[in-house]
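Student:
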Amino acid sequence: MPELLAIENLHAWYGESHILHGIELSVAEGEVITLLGRNGAGRTTTLKAILGMVDKRTGSIRLNGREVIKEPTHKIARIGMLGYCPEERGIFSRLTVDENLALPPTLGDGGMSRDEIYSMFPNLAERRRSTGTQLSGGEQQMLAMARVLRTGARILLLDEITEGLAPVIVQTLGQTIRQMRERGLTIVLVEQNFHFAAPLADRHYIIEHGAVAEVVAAHEAEEKRERINAFLSV
Amino acid sequence: MSLNAILAQTMLGLSQGVFYAMLSLGLAIIFGLLNVINFAHGALYMLGAFVALIGYSYLGPWLGQPDWHMGFWTALVVSPLLVGGLGMLIERFLLRRLYDFDHIYGLLLTFGIALILQGLFANYFNISGTPYPGQPESLSGIVNLGFMYFPKYRLFAILFSIVVCFATWFVIERTSLGAVLRAGVENPKLVEAFGINVPRMVTLTFGFGVALAALAGVLAAPIYSVSPLMGADLIITVFAVVVIGGMGSILGAIVTGLMLGLVQGLTQAVYPPAANTVIFFIMVVVLLIRPAGLFGKVV
Ligand SMILES: Nc1ncnc2c1ncn2[C@@H]1O[C@H](COP(=O)(O)OP(=O)(O)OP(=O)(O)O)[C@@H](O)[C@H]1O
Ligand SMILES: [Mg+2]
Chain A
1 MPELLAIENL
11 HAWYGESHIL
21 HGIELSVAEG
31 EVITLLGRNG
41 AGRTTTLKAI
51 LGMVDKRTGS
61 IRLNGREVIK
71 EPTHKIARIG
81 MLGYCPEERG
91 IFSRLTVDEN
101 LALPPTLGDG
111 GMSRDEIYSM
121 FPNLAERRRS
131 TGTQLSGGEQ
141 QMLAMARVLR
151 TGARILLLDE
161 ITEGLAPVIV
171 QTLGQTIRQM
181 RERGLTIVLV
191 EQNFHFAAPL
201 ADRHYIIEHG
211 AVAEVVAAHE
221 AEEKRERINA
231 FLSV
Chain B
235 MSLNAILAQT
245 MLGLSQGVFY
255 AMLSLGLAII
265 FGLLNVINFA
275 HGALYMLGAF
285 VALIGYSYLG
295 PWLGQPDWHM
305 GFWTALVVSP
315 LLVGGLGMLI
325 ERFLLRRLYD
335 FDHIYGLLLT
345 FGIALILQGL
355 FANYFNISGT
365 PYPGQPESLS
375 GIVNLGFMYF
385 PKYRLFAILF
395 SIVVCFATWF
405 VIERTSLGAV
415 LRAGVENPKL
425 VEAFGINVPR
435 MVTLTFGFGV
445 ALAALAGVLA
455 APIYSVSPLM
465 GADLIITVFA
475 VVVIGGMGSI
485 LGAIVTGLML
495 GLVQGLTQAV
505 YPPAANTVIF
515 FIMVVVLLIR
525 PAGLFGKVV
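Chains A and B, in that order, are what the protein sequence lines are.
Just so you know, the first sequence maps onto residues 1 to 234 in the working numbering.
Just so you know, the second sequence maps onto residues 235 to 533 in the working numbering.
1) Could you tell me which residues DSSP pairs with A:S17 in its beta bridges?
2) What are the uninterrupted segments assigned as alpha helix (DSSP H) that are 4 or more residues long and contained completely in the segment 134-167 of chain A, given in chain order?
3) List, from N- to C-terminal side, the alpha helix (DSSP H) runs of 4 residues or more that fit wholly inside the segment 429-455 of chain B.
4) Would you call the CB atoms of A:E139 and A:T34 closer than 7 Å?
5) If you check the beta carbons only, do B:L261 and B:V419 fall under 7 Å apart?
6) Check this for me: beta carbons of A:L124 and A:M142, under 7 Å apart or not?
7) On the DSSP letters alone, give me the boundaries of the alpha helix (DSSP H) that B:S258 sits inside.
8) Can you pull out the residues from the segment 75-107 of chain A whose beta carbon lies closer than 7 Å to at least one beta carbon of chain B?
9) Where does B:L248 land, buried or exposed, given buried means 16+ other C-beta within 10 angstroms?
10) Kindly indicate if chain B contains any beta-carbon less than 7 Å away from that of A:M53.
11) For B:V533, does the count of other Cβ atoms within 10 angstroms reach 16, so buried, or fall short, so exposed?
12) Between A:T131 and chain B, is the shortest Cβ-Cβ distance under 7 Å, so that the two count as touching?
13) Touch check for the segment 185-202 of chain A and the segment 17-33 of chain A: three-plus C-beta pairs under 8 Å?
14) Listed in chain order, which residues are found with a beta carbon closer than 7 Å to a heavy atom of ligand 2?
15) I want to check one thing, is the minimum distance from the CB of A:S233 to the heavy atoms of ligand 1 below 6 Å?
16) Is A:N193 near ligand 1, judged by its Cβ being under 6 Å from some heavy atom?
17) Ends of the alpha helix (DSSP H) at B:N378?
18) Relative to chain A, which residues along the segment 408-433 of chain B have a C-beta separation below 7 Å, given in chain order?
19) What's the gap between the Cα of A:L91 and the Cα of A:A144?
20) Using 7 Å as the limit for Cβ to Cβ distance, is A:T73 near chain B?
21) What does the alpha-carbon distance come out to for the pair B:D301 and B:S374?
22) Using only CA atoms, which one of B:V377, B:P367 and B:T402 lies nearest to B:Y458?
23) Would you say B:A309 touches ligand 1, meaning its beta carbon is less than 6 Å from a heavy atom?
24) Does the distance between the C-beta of A:I206 and the nearest non-hydrogen atom of ligand 1 fall short of 6 Å?
25) Using DSSP with H/G/I as helix, E/B as strand and the rest coil, what is A:G210?
26) I'd like to confirm the pairing. Which residues does DSSP put opposite A:E87 in its beta bridges?
27) For A:E67, name the three-state secondary structure that DSSP assigns.
28) At the 7 Å Cβ level, is B:V533 part of the contact set with chain A, yes or no?
29) Work out the CA separation of A:V68 and A:I61 for me, nearest whole Å.
30) Expressed to the nearest angstrom, what Euclidean distance is found between the alpha-carbon atoms of B:L463 and B:E407?
31) Between B:L567 and the rest of its own chain, which residues show a CB-CB distance below 7 Å, the 5 nearest in sequence each way excluded?
32) Since B:V477 and B:L446 should fall inside the 8 Å C-beta cutoff, what is the C-beta to C-beta distance between them, to a whole number of angstroms?
33) Using DSSP with H/G/I as helix, E/B as strand and the rest coil, what is B:H303?
34) Counting only the same chain and skipping the five closest in sequence on each side, list residues whose C-beta sits under 6 Å from that of A:G174.
35) Using only CA atoms, which one of B:A509, B:L259, B:D336 and B:R524 lies nearest to B:G443?
Structural data, given as C-alpha cells:
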C-alpha cells in the first residue's frame with residue numbers, strides 16, 4: 001500500500017510555545033489511525049500542523065509523496081485532498097446548513113452528493129434553511145462531518161467528533177466512519193473515547209508531550225489495554 | 235412646513251445619503267474581512283472623481299488630442315477598475331505585512347496613504363475644486379417629480395447608487411460567492427483549510443471596497459466640484475455614519491447611510507444651522523445608549 005500521509009520529525013509552535021517535538025507517523029491509503037492522548041498532549045496541534053494552521057512548523061510532511069511543509073494552508077488542503085473536521089466543529093453561524101455544506105470546494109471525485117448526505121443525516125435535511133447558530137451540538141457535529149464528505153476528500157482529519165454527543169449519535173458517526181473506510185478513504189481520528197475508536201482503527205498512536213509515545217496495532221489493542229489506559233488516564 | 239417641502243428635503247437628503255451608503259458599505263466590507271479601518275477610503279473616493287476629471291479634461295490634451303474626452307459612462311467603469319486595482323496593490327504589498335500586528339498599524343498605514351494622495355493632488359490641482367464638465371447630455375436638465383423639480387442627474391445618482399448597494403448586499407448575503415466571504419469574515423483559517431485561497435480573497439475584497447469608493451467619486455464629480463479634499467471632508471461624516479450603524483453589517487451600513495442622509499436633509503428644512511452637526515449629535519447619543527452601533531453586535 002502506498003503511503004498517503006508521512007510525517008517525520010514534525011515540530012510546531014504557537015507563538016513562542018513549542019508544542020510538537022518530533023511527531024512521526026505514516027498512514028497508507030485506506031487505513032484508519034487514531035491519535036490518542038490526554039488533554040493537551042498535542043493531538044489537535046498535530047492536525048493543525050499538517051494543515052499549516054500553526055504559527056511555525058519544521059520537519060517533513062509528505063502527502064501522496066509530495067512535501068508540503070512550506071506550502072500555504074489552502075494549497076495543502078488541495079494537494080492532499082484533505083477533509084478537516086475541527087474540534088470546535090467550525091460551523092459558520094451566518095451561513096445556513098445548505099450554505100455550510102456547499103462551502104468547501106470539491107477536491108476530488110467520489111464525494112457524496114447532497115442528496116446522499118441528507119439521506120445519511122436526515123436531521124440535517126429538516127434544517128437546511130436554519131443558520132449555524134440554530135443547530136444543536138449533535139447537528140453541528142453531523143454537519144461538520146457531512147461538509148467534508150461532500151468534497152471528495154481522500155484523507156479525513158477528524159478531531160474528537162464524538163465529544164459530548166449522545167450515544168445514538170455516536171453510533172451514527174461510527175457507522176459513517178465504517179462506510180467511509182469501505183469507500184477507501186484514509187482517516188486520521190483524534191479521539192478520547194477509546195471504546196469508540198478501538199473497533200474502527202488499524203493502528204493507534206499515543207501522543208504525549210507533543211511526541212508519539214507508543215504505536216499500537218489494532219490486534220495488540222486488547223493485550224495492551226492496560227498500558228493504553230495508563231497513558232490516557234490523568 | 236408643507237408636505238411638498240418635506241418630500242423635497244427627503245429627495246435632497248437621499249441624494250446625500252446614497253454617498254454615505256456607498257462609502258460606509260465599502261468600509262464595512264473591508265472591515266469585515268480585514269479588520270482594518272480604511273482611513274484611505276475618502277482619498278480613494280477623491281481619486282475616483284479625479285480619474286473621471288482627468289480622463290475628461292486633461293488626458294486628451296496630454297496625449298496631443300485636445301478634442302478627445304473620456305466620457306462619463308466610460309469613467310464609471312474605468313475609474314473603479316483603476317482605483318480598485320490600486321487598492322489591491324496596497325493590500326498585497328503594504329497592508330498584508332501588517333496583519334500580524336495590532337490593528338492600529340493598518341489604520342496608521344491607510345491614514346498615511348490618505349495624506350500622501352491628498353498632498354499629491356493638492357500640489358497639482360485647485361484646492362477649491364475644479365468643475366467636472368463631463369455630465370452626459372442625456373442626464374442634464376430637470377424632471378418634474380410632482381412635488382418638486384429635481385435635477386435629472388441627481389435622480390440618476392440616487393437610483394444608480396441604490397441599485398449598486400443592494401446588488402452588493404444581494405451578492406454577499408444571498409449567493410454562494412457571498413457565502414465564502416461571510417465564512418471568511420467569521421473564520422478565515424478554517425475557510426483556508428478547506429482549500430480556498432483566502433489571501434487572494436482578501437486582496438479582491440479590499441479592491442472591491444475601494445472600487446465602490448471610486449464609483450461614488452465618479453458619481454459625485456458632476457454634482458460637487460472635484461477637489462483634493464473632497465474625500466477628507468466627506469469621510470469624517472461617513473465615519474460617524476459607520477459608528478452609528480455599527481461595523482460589520484452590510485445592510486446596516488446601507489440603511490444607516492440612507493437614513494442619516496434623510497435626517498440631515500430634514501434637519502436642513504426644519505433648522506438649517508443644525509444640518510451639519512445633527513449626524514454627530516446622533517453619533518453621541520448612539521454611543522451612549524448602544525456603543526456597538528444600531529446594527530452592530532455587542533461583543
Ligand atoms: N492557540 C494556542 N496558543 C498557545 N498554546 C496552545 C494553543 N492551542 C493549544 N495550545 C497548547 O498546546 C498544547 C497542545 O494542545 P492541543 O490542542 O494540541 O491538545 P490536544 O491533544 O488536542 O488535547 P485536548 O483537545 O484534549 O485538550 C496544550 O498545552 C495547549 O495548551
Ligand atoms: Mg484537541
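All C-beta atoms in this analysis are idealised placements derived from N, C-alpha and C, irrespective of residue type, glycine included.
Tutor: The structure says:
1) A:Y14
2) 137-149
3) 432-454
4) no
5) no
6) yes
7) L237 to L268
8) A77, R78, Y84, P86, G90, F92, S93, R94, L95, E99, A102, L103, P104, P105 and L107
9) buried
10) yes
11) Residue placement at B:V533 is flagged as unreliable, the pLDDT there being 49, under the threshold of 50; the coordinate-derived value follows with that caveat. That one is exposed.
12) no
13) yes
14) A:R43, A:T44, A:E87, A:D159, A:E160 and A:V190
15) no
16) no
17) Per DSSP, B:N378 belongs to no alpha helix (DSSP H); it is in the beta strand (DSSP E), I376 to N378.
18) S410, A413, V414, R416, A417, E420, N421, K423, L424, E426, A427, F428, G429, I430, N431 and V432
19) One detail in the question is off: residue 91 of chain A reads as Ile in this sequence, not Leu. Distance between the alpha carbons of A:I91 and A:A144 is about 7 Å.
20) yes
21) 21 Å
22) B:P367
23) no
24) no
25) coil
26) DSSP output for A:E87 lists no bridge partner at all.
27) strand
28) Low confidence applies here, because B:V533 scores a pLDDT of 49, under 50, leaving its location unreliable and the question unanswered by this model.
29) 6 Å
30) 34 Å
31) Here chain B comprises residues numbered 235 to 533, so residue 567 of chain B is not present and cannot be evaluated.
32) The pair is not a contact, with the Cβ atoms about 19 Å apart (cut-off 8 Å).
33) coil
34) none
35) B:L259
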